[in-house]
Structures are given as structure tokens and as C-alpha cells.
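Visitor:
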Amino acid sequence: MLLLPHAFSSNSRPLYHISVSSDCFRPQIYTTTICRGTEQGQVIAEIQRSILQGDGYRGTIEYRGSGQPKVAYLDEVHHDFQRGDRENLRLEWRFNKDMPLVWQTKISGKKVVSVQCARSGGRDPPILAIFFPSREKGELQTLDITPQGRPYIDDIVVSCLATEGRRTTKYDR
């Protein structure tokens, strides 16, 4: 999967290449790899999770962005997960203590319309990004990064993938 700039952008080169692979020795474990630019670009992060519920595998995330690589369990990077409450689903991303993010689900009827990202803390923080999940088969999913979110794009992309994986699967429920 490619994360491309806006269609009206003068630069049409991919911002990120996102791939998913399975572990040949543990086929229930999948790894999502996020690279800057193309497949051969710098690896920003790898997210591993199991597709089986209750198999004891906690899932990990290794973030290599800038600086020293950091590794954490997936169940430790989200806080205030409201189980079963999809209409007010709010996940706080605490992987990078210098960049805490909040992903808040917006619902219309029974469908998720968007998931908004803002910095955690403070009163009325600016929206950094909005993810629009597909509502119909074949519909494109989009991640709009606001001008305020551009300096944090790596954190936003990685946290969006980990958060959406958690929101849309039975992982850790």
C-alpha cells in the first residue's frame, strides 16, 4: 500500500510504502512494515500482531523513526481504551512520551465516518490528522494530515496503523 500526497500536490511521489507479511514459522503472526517513500526506503516502524484471539502473543511495535529504536508491546501503547463503546471510542497513543496523540472515532448512524487525531492534553488541541476508513468495499481509505500535523507525520502514520488495527479487529478485546 502506498501513502500518497494529496491529488493536487505538485509532488506525486509516495510518502510511505506499507506492506504486510506473515511469519512462515508462526503463520498467525503478521508484520506491517512502514517505509519512507518506497519499498527500499528507510524503515520507520514494524508492527507485529497475531490474528488469533487468546493465543498469548501480545504483539509488538518497533519504531525506528529518528533517534534510537524503541520497542513496546501493543497493549501498552494505548490508554483509555473504552471497550465495547464504538460510538465514543477514544484511544490515547502513548508510545512516544514526547508526542502523545489521541484518536477519537466520529460516528454517523452505526458507521464510522472518521477518526480524528490530536495531541493529547491541553484544551481544544488542533486536529493533526483525520483518517477516513472505507465504508464500502473497494472505496479508498484516506489519511489527511493538516498543516499542524506535518511535523509529526511519522508518529501520525504509525499510530494510525496501530490504532486502526486495534479498532477494527478483535485484538485485545
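Per the working numbering, residue 47 is the first one in the sequence shown, and the count goes up by one each step.
All residues carry an ideal CB built from backbone N, CA and C; glycine is no exception.
How long is the line joining the alpha carbons of D121 and S58, rounded to whole angstroms?
Guide: Distance from the CA atom of D121 to the CA atom of S58, rounded to whole angstroms, is 36 Å.
Visitor: Does the region 167–177 come into contact with the region 193–213, if we say contact requires no fewer than three beta-carbon pairs (one atom in each stretch) closer than 8 Å?
Guide: yes
Visitor: What distance in whole Å lies between the Cβ atoms of T106 and Q114, which are believed to be in contact at a cut-off of 8 Å?
Guide: Contact doesn't hold; Cβ gap of about 16 Å is too wide.
Visitor: Using C-beta distances below 6 Å, list every residue in its chain close to Q150, excluding the 5 sequence neighbours before and after it, in chain order.
Guide: Around Q150: R136, Q162.
Visitor: Which value, in whole angstroms, describes the spacing of the CA atoms of G83 and E92?
Guide: 15 Å
Visitor: Where does D235 fall in DSSP's three states?
Guide: With the chain running from 47 to 219 in the structure shown, residue 235 is simply not present.
Visitor: Please report the straight-line C-alpha distance between M47 and L147, rounded to a whole angstrom.
Guide: About 24 Å.
Visitor: Distance check for I90 and Y109, CA to CA, integer angstroms please.
Guide: Approximately 6 Å between the Cα atoms of the pair.
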